[in-house]
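A.B. asks:
Protein chains: 2
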Amino acid sequence: MSFPRLDLVAIPGSLRTGSLNRALARALDELCPDDTAVEVIDLHGVPLYNGDLDTDQDRPAPVQALKDRIREADGVILVTPEYNHGVPGVLKNALDWVSRPSYRSPMAHKPCGLMGAAPGGSGTMRAQQHLKVILLGMAAQVFPHPGVAVSRARDKIREGRLEDEGTREFVASYLAELASWVRRVRPD
Amino acid sequence: MSFPRLDLVAIPGSLRTGSLNRALARALDELCPDDTAVEVIDLHGVPLYNGDLDTDQDRPAPVQALKDRIREADGVILVTPEYNHGVPGVLKNALDWVSRPSYRSPMAHKPCGLMGAAPGGSGTMRAQQHLKVILLGMAAQVFPHPGVAVSRARDKIREGRLEDEGTREFVASYLAELASWVRRVRPD
Numbered sequence: 036m037s038f039p040r041l042d043l044v045a046i047p048g049s050l051r052t053g054s055l056n057r058a059l060a061r062a063l064d065e066l067c068p069d070d071t072a073v074e075v076i077d078l079h080g081v082p083l084y085n086g087d088l089d090t091d092q093d094r095p096a097p098v099q100a101l102k103d104r105i106r107e108a109d110g111v112i113l114v115t116p117e118y119n120h121g122v123p124g125v126l127k128n129a130l131d132w133v134s135r136p137s138y139r140s141p142m143a144h145k146p147c148g149l150m151g152a153a154p155g156g157s158g159t160m161r162a163q164q165h166l167k168v169i170l171l172g173m174a175a176q177v178f179p180h181p182g183v184a185v186s187r188a189r190d191k192i193r194e195g196r197l198e199d200e201g202t203r204e205f206v207a208s209y210l211a212e213l214a215s216w217v218r219r220v221r222p223d
Numbered sequence: 036m037s038f039p040r041l042d043l044v045a046i047p048g049s050l051r052t053g054s055l056n057r058a059l060a061r062a063l064d065e066l067c068p069d070d071t072a073v074e075v076i077d078l079h080g081v082p083l084y085n086g087d088l089d090t091d092q093d094r095p096a097p098v099q100a101l102k103d104r105i106r107e108a109d110g111v112i113l114v115t116p117e118y119n120h121g122v123p124g125v126l127k128n129a130l131d132w133v134s135r136p137s138y139r140s141p142m143a144h145k146p147c148g149l150m151g152a153a154p155g156g157s158g159t160m161r162a163q164q165h166l167k168v169i170l171l172g173m174a175a176q177v178f179p180h181p182g183v184a185v186s187r188a189r190d191k192i193r194e195g196r197l198e199d200e201g202t203r204e205f206v207a208s209y210l211a212e213l214a215s216w217v218r219r220v221r222p223d
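The listed protein sequences correspond, in order, to chains A and B. Residues 36 to 223 in this note's numbering are what the first sequence lists, from first letter to last. Residues 36 to 223 in this note's numbering are what the second sequence lists, from first letter to last.
#1: Could you name the residues of the same chain whose beta carbon sits closer than 6 Å to that of G158/B, not counting the 5 residues immediately before and after it, in chain order?
#2: Which residues share a DSSP beta bridge with V75/B?
#3: At least one CB of chain B closer than 7 Å to the CB of R139/A: is that the case?
#4: Taking all protein chains shown into account, do 16 or more other C-beta atoms lie within 10 angstroms of the C-beta of E117/A, making it buried, or fewer, making it exposed?
#5: Can you pull out the residues from the segment 104–125 of chain B whose beta carbon lies closer than 8 Å to at least one beta carbon of chain A?
#6: Would you identify the three-state DSSP class for Y118/A, choosing helix, strand or coil?
#7: Can you confirm whether Q99/A, when its beta carbon is compared against all beta carbons of chain B, has any partner nearer than 7 Å?
#8: With DSSP collapsed to three states, give me the class of R219/B.
#9: Output the distance between the C-alpha atoms of H191/A and R193/B, rounded to the nearest integer angstrom.
#10: Tell me whether V133/B sits in a helix, a strand or coil according to DSSP, three-state version.
#11: Taking all protein chains shown into account, decide if V98/A is buried (16 or more other Cβ within 10 angstroms of its Cβ) or exposed.
#12: At the 7 Å Cβ level, is P136/A part of the contact set with chain B, yes or no?
#13: Going by DSSP, what residue range makes up the alpha helix (DSSP H) through G172/A?
#14: In its own chain, which residues sit with a C-beta less than 6 Å from the C-beta of K102/A, not counting the 5 before and 5 after it?
#15: With a threshold of 7 Å between beta carbons, is L43/B in contact with chain A?
#16: By Cβ distance below 8 Å, which residues in the same chain neighbour P154/B in space, the five residues on each side in sequence not counted?
#17: Could you name the residues of chain B that V185/A contacts, counting a contact when the two beta carbons are closer than 7 Å?
#18: H165/B versus chain A: which residues are under 9 Å apart at the beta carbon?
#19: Return the chain-ordered list of same chain residues with a C-beta closer than 8 Å to the C-beta of M36/A, the five sequence neighbours on each side being excluded.
#20: Tell me the DSSP secondary structure of R57/B in three-state form.
#21: So K127/A and G121/B are in contact, right, with Cβ under 8 Å, and what is the actual spacing, rounded?
#22: Given V217/A, which residues of its chain have a CB within under 6 Å of its CB, disregarding the five upstream and five downstream residues?
#23: Based on the DSSP secondary-structure assignment, which residues constitute the bridge partners of Q176/A?
#24: Leaving out the 5 sequence neighbours to the left and right, which residues in its chain are closer than 6 Å to C67/B when beta-carbon positions are compared?
#25: Thinking C-beta only, is H165/A closer than 7 Å to P222/A?
#26: For A100/B, which option in V177/B, E65/B and D77/B has the closest C-alpha, if you only look at C-alpha atoms?
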């Protein structure tokens with residue numbers, strides 16, 4: 036291929052060891068096109084947002100590292116659980132840090148895809164609706180796509196691996212379309 | 036009055052020392068009816084949600100204390116900032132902890148009011164829309180009211196005090212209606 040390699044990061048929104056969404060995020064690098072890589076980012080070190088600490092002197096090191104990694108990446112994939120019909124506080128909290136300063140942050144115009152997995156029937160669709168509004172609220176570019184919502188995820192993800200063949204194929208096709216879109220819309 | 040005293044807690048969704056929303060929350064006890072008290076709860080000690088630690092053995096003590104206090108209270112007032120058109124991760128994170136176990140948590144059927152203050156024109160109205168969906172998602176009862184959205188809040192809240200007379204009157208009338216509704220709908 037003549038394209039340079041596409042560098043995507045995936046951010047699962049759960050800290051749980053057996054997280055379905057971390058397992059889904061880990062499958063993305065296998066399922067993406069050959070000219071694309073997806074690195075999974077862990078939110079364990081990112082503390083609760085406190086505007087008093089959001090200065091160049093006091094910003095926690097894991098927050099600065101996350102901001103730098105997102106700025107460098109061509110695009111971001113949010114892999115969200117759904118808690119209480121919304122986005123987990125853990126994921127929103129990380130986005131609150133990386134979205135500063137408003138409209139000039141590493142998220143501004145960053146191409147973003149989103150997906151999620153949940154044990155129930157919603158497959159995180161309600162959380163994803165909120166997440167789209169939130170991402171647009173920080174001036175990110177949101178991939179316009181019906182979305183990947185993995186419902187009944189305990190039947191499809193076992194022992195940390197996305198096993199369901201239909202889901203793997205759908206996610207692979209999503210990633211191919213996402214990669215093509217990111218190449219088109221990412222800022223120079 | 037023949038009514039027993041009504042016990043409400045207010046939860047500001049910011050950790051910042053000069054938070055407009057903490058200042059708004061602190062004004063509520065002054066502005067509420069005589070037979071009602073509003074205690075402000077601080078979220079500083081509540082860590083990021085991790086389902087692995089959400090067991091009776093491992094649950095962090097500040098989380099258990101928050102759950103116990105909410106269970107005891109007659110009602111809750113969420114006082115939310117708006118970050119990225121949504122609810123701050125800090126506040127959503129606390130709600131994620133206290134909403135477990137689903138539909139049998141201290142939030143289930145708990146009467147809830149909501150309000151917020153922001154420097155801009157929205158007055159947190161977008162965050163409050165998300166918050167209503169989230170609260171209903173944990174089976175809380177949401178006070179049906181057009182709401183308190185304090186816009187241009189830096190003109191109305193100075194040095195940690197809600198000064199604007201029109202806002203004080205509107206908040207006082209909201210609290211009177213809220214208190215009356217909480218008495219009617221709270222579970223026995």
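Beta carbons: idealized from backbone N, C-alpha and C, even for Gly. Please read these numbers as outputs of a predicted model, since none were measured by experiment.
C.D. replies: In this structure, then:
#1: A184, V185 and S186
#2: According to the DSSP secondary-structure assignment, V75/B is paired through a beta bridge with A45/B.
#3: Between R139/A and chain B, the shortest Cβ-Cβ separation is not below 7 Å.
#4: buried
#5: Y118, N119, H120, G121, V122, P123, G124 and V125
#6: DSSP, read as helix, strand or coil, puts Y118/A in strand.
#7: no
#8: helix
#9: One detail in the question is off: residue 191/A reads as Lys in this sequence, not His. Going from the Cα of K191/A to the Cα of R193/B covers about 54 Å.
#10: helix
#11: So V98/A ends up on the buried side.
#12: No, no contact with chain B.
#13: M160 to G172
#14: A distance below 6 Å between beta-carbons, with the five flanking residues on each side excluded, links K102/A to the following residues of its chain, in chain order: V133 and P141.
#15: Interface flag for L43/B against chain A is unset, since no Cβ pair is found closer than 7 Å.
#16: L55, R187, A188 and R189
#17: By Cβ distance, chain B contributes nothing, its closest Cβ being about 18 Å from V185/A, past 7 Å.
#18: G121, V122, H165, V168 and I169
#19: Since pLDDT at M36/A reaches only 47, below the 50 mark, its modelled position is unreliable, and no value is offered.
#20: In the structure shown, R57/B sits in a helix (DSSP, three-state: H, G or I).
#21: 6 Å
#22: D109, G110 and P146
#23: P146/A
#24: V73 and L210
#25: Using a Cβ distance threshold of 7 Å, P222/A and H165/A do not count as a contacting pair.
#26: D77/B
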